[in-house]
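Residue numbers (the working numbering), protein chains in the order written: chain A, 1 to 345; chain B, 346 to 690.
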């Protein structure tokens, strides 16, 4: 152990903690955050390592990230092969698995291989297994969830889940190029009913038909309801968050408020799998914990999400998400501030 | 005139001004900033317009941007065809042209055409004219300049200029892929003698042989002197600024301090020509005015540079740089802060 690594705690304790403190302890028995997403066995090959049949899927990454702030409930499906070895990774982080449906058949399995610079990914195989027949059904308690994230599944399924929620307060949505192309009507329908849409830049261009991202964002927000928030992810470059509301019409950039956050500049990225899901999980975990959807808190939640995403890519699969502590998160939150802030004078 | 545009002044006046106040008036007869760069006649074609034989060149963009903060001196060469019509655009902004050498022959002329999305540029013609024989010679007064920017010319010429400066305080350098490939030894020599190097991401990868930008930055800073500062521009995504110093070894990101600033999210970009030179000019004008090269002031100077670059691309050629006022600059400086800042809690 060198001297440098033996002293950081003191520095860290002096910093204000980004973890929201308004609604009780970090973990507990109640959950106000619901995620519908996949649980999978991933086989991943990158230039820096290889792993077989490791815990993956959007729901797993989301919940492992969110569990640092609140107790997420995971709605999804697994097969008989989803043994206790996998289950405890999630339940050990106080993730509510009571609506994780286990049935005969195989757990969804995915295999992928990354190019030398991690910019391109080839899917080696996809075995949907029990996920193919998945029809999400929420228990009575989960129908009361105020914070809901609709992971990347068919927009019709997303609508079915949303219809079961009694009084949603803040609903997030993920999608992909496949649904933009194959189910535009259903996607348009679900877009009207949600509060925040998280999409990447190429998908935003595809959906809006606009090359310019500000124009594209306005177009997409026009498809959404009042006070819609839109996040356009730009890979390693970070993200742009847009919000339109009557009070923003009078100021800001042409009727919208814009926030930018860079990706955390890492020297060693090992595996980009699940970075987007870790971002969404960190963001929604933070929002649900604070129970605050103001523009200022949405910005902080973006930082929390980006912190989790930056940890997620440091090791293969969900390994790094399983290791990190509140101290790690607080330290990187503070580093994000140093990275982006300047004094006016 | 609509109601919206009739009231912004009030809002603006309430904001603190980013223009540094420490060293006297915005304009004056003395200059502490020197730039060696090209003055050219540009012919530009973009999907949004076309202009022939308009004032261009790195030195022109740099000085027009810098002149908002301090009085830059332009070292360069023009031909007999550089009539008063062009000269007054620069001198009218209080730019010192006493070392702008005029000789028989033609002014450097360049023609370029941009692709539909402005991401690709084709050079239609380059006529070096008097610039081909250009050997920069500084007057006695300019040899005393503390702030110096060496525009993108052959590294041997950059070394010749630098050798004429008596006591440089802060020297900036621009270069291009051509010199990285054709004059690596001379470039390495000049790199050891300067304080800040401004380069784009593809050039940084080419020079360092590293795909990862943090690793690449460390490699390049290793080629520079002590306390070197490096800016890697990422086009529309903004920039990363790196600084290495003994005090940074103990904290920050692996021995370096990093600052990120996004590009300003514009809905309408008309002409990217000169954006990089406008950035450098805004940055150095700000630094020379404040006469402060602390890390905090370098960050503010990056914002000033990015503000000028964002205006520069709004209209064809240098047109927008000729129009903008201190009020425009202050307003956008404040918008940059709204775009990037978040509260810890």
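Cβ atoms here follow ideal geometry from the backbone N, Cα and C, with glycine treated the same way.
In this structure, does DSSP put residue 111 (chain A) in helix, strand or coil?
In the structure shown, residue 111 (chain A) sits in a strand (DSSP, three-state: E or B).
Mind listing which residues of the segment 628-662 of chain B have their C-beta closer than 7 angstroms to chain A's C-betas, in chain order?
Residues 641, 644, 645, 648.
The beta strand (DSSP E) enclosing residue 197 (chain A), as first and last residue numbers
From DSSP, the beta strand (DSSP E) with residue 197 (chain A) extends over 196-200.
I'd like to know whether the C-beta of residue 462 (chain B) is nearer than 8 angstroms to at least one C-beta of chain A.
The C-beta of residue 462 (chain B) comes closer than 8 angstroms to at least one C-beta of chain A.
Go ahead and pull the three-state DSSP assignment for residue 174 (chain A).
Reduced to three states, the DSSP call for residue 174 (chain A) is strand.
Bridge-paired residues (DSSP) for residue 356 (chain A)
Because chain A is modelled from 1 through 345, residue 356 (chain A) falls outside the range shown and cannot be assessed.
Does the Cβ of residue 48 (chain A) have 16 or more other Cβ atoms within 10 Å, making it buried, or fewer, making it exposed?
Residue 48 (chain A) is exposed by the Cβ-count criterion.
Please determine if the segment 545-559 of chain B and the segment 568-588 of chain B are in contact, where contact requires at least 3 C-beta pairs separated by less than 8 angstroms.
Judged by Cβ distances under 8 angstroms, the segment 545-559 of chain B makes contact with the segment 568-588 of chain B, as three or more pairs qualify.
Take residue 556 (chain B) as the anchor and find which of A:116, A:242, A:189, A:179 has the nearest alpha-carbon.
The residue with the shortest Cα to Cα distance from residue 556 (chain B) is A:116.
Is there contact between the segment 484-496 of chain B and the segment 512-522 of chain B, where contact requires at least three CB pairs shorter than 8 angstroms?
Contact holds between the segment 484-496 of chain B and the segment 512-522 of chain B, because three or more Cβ pairs, one in each stretch, are under 8 angstroms apart.
Within 10 angstroms of its Cβ, does residue 265 (chain A) collect 16 or more other Cβ (buried), or is it exposed?
Buried, by the Cβ-count rule.
Cα separation between residue 323 (chain A) and residue 75 (chain A)?
Approximately 23 angstroms, taken between the alpha carbons.
Note down the Cα distance separating residue 387 (chain B) from residue 499 (chain B), rounded to an integer number of angstroms.
Their backbone Cα atoms lie some 21 angstroms apart in a straight line.
Please list the partners that residue 219 (chain A) has in chain B, where partner means a Cβ-to-Cβ separation under 9 angstroms.
Within chain B, no residue comes near residue 219 (chain A); the closest Cβ sits about 11 angstroms away, beyond 9 angstroms.
Min CB distance residue 403 (chain B) to chain A below 8 angstroms
Judged by the 8 angstroms Cβ criterion, residue 403 (chain B) is not in contact with chain A.
Using the rule of at least 16 other Cβ atoms within 10 Å of the residue's Cβ for burial, across every protein chain shown, is residue 98 (chain A) buried or exposed?
Result: exposed.
Tell me the residue span of the beta strand (DSSP E) that contains residue 390 (chain B).
For residue 390 (chain B), the enclosing beta strand (DSSP E) has its first and last residue at 385-391.
Under the rule that 16 or more other beta-carbon atoms within 10 Å means buried, what is residue 103 (chain A), buried or exposed?
So residue 103 (chain A) counts as exposed.
Contact check, residue 57 (chain A) vs residue 108 (chain A) under 8 angstroms by CB: the rounded distance?
Between residue 57 (chain A) and residue 108 (chain A), the beta carbon gap of about 6 angstroms places them in contact (Cβ cut-off 8 angstroms).
Verify the CB distance criterion: does residue 113 (chain A) have a CB-CB separation below 8 angstroms to chain B?
The beta carbon of residue 113 (chain A) does not come within 8 angstroms of any beta carbon belonging to chain B, so the residue lies off that interface.
For the alpha helix (DSSP H) containing residue 186 (chain A), list its first residue and its last residue.
184-191 is the extent of the alpha helix (DSSP H) around residue 186 (chain A).
Please tell me whether residue 343 (chain A) has its Cβ less than 8 angstroms away from any Cβ of chain B.
Answer yes: the Cβ-Cβ gap between residue 343 (chain A) and chain B drops below 8 angstroms somewhere.
Can you tell me whether DSSP reads residue 563 (chain B) as helix, strand or coil?
In the three-state DSSP reduction, residue 563 (chain B) falls in the helix class (H, G or I).
Output yes if chain B places a C-beta closer than 8 angstroms to the C-beta of residue 133 (chain A); else output no.
No, because no Cβ of chain B sits closer than 8 angstroms to the Cβ of residue 133 (chain A).
Considering only their Cβ atoms, is the gap separating residue 33 (chain A) from residue 145 (chain A) smaller than 8 angstroms?
Result yes, Cβ atoms of residue 145 (chain A) and residue 33 (chain A) sit closer than 8 angstroms.
CA nearest to the CA of residue 606 (chain B), picked from A:332, A:300, A:299, A:338
Measuring from the Cα of residue 606 (chain B), the nearest candidate turns out to be A:338.
Using 8 angstroms as the limit for Cβ to Cβ distance, is residue 262 (chain A) near chain B?
Yes, its Cβ sits closer than 8 angstroms to a Cβ of chain B.
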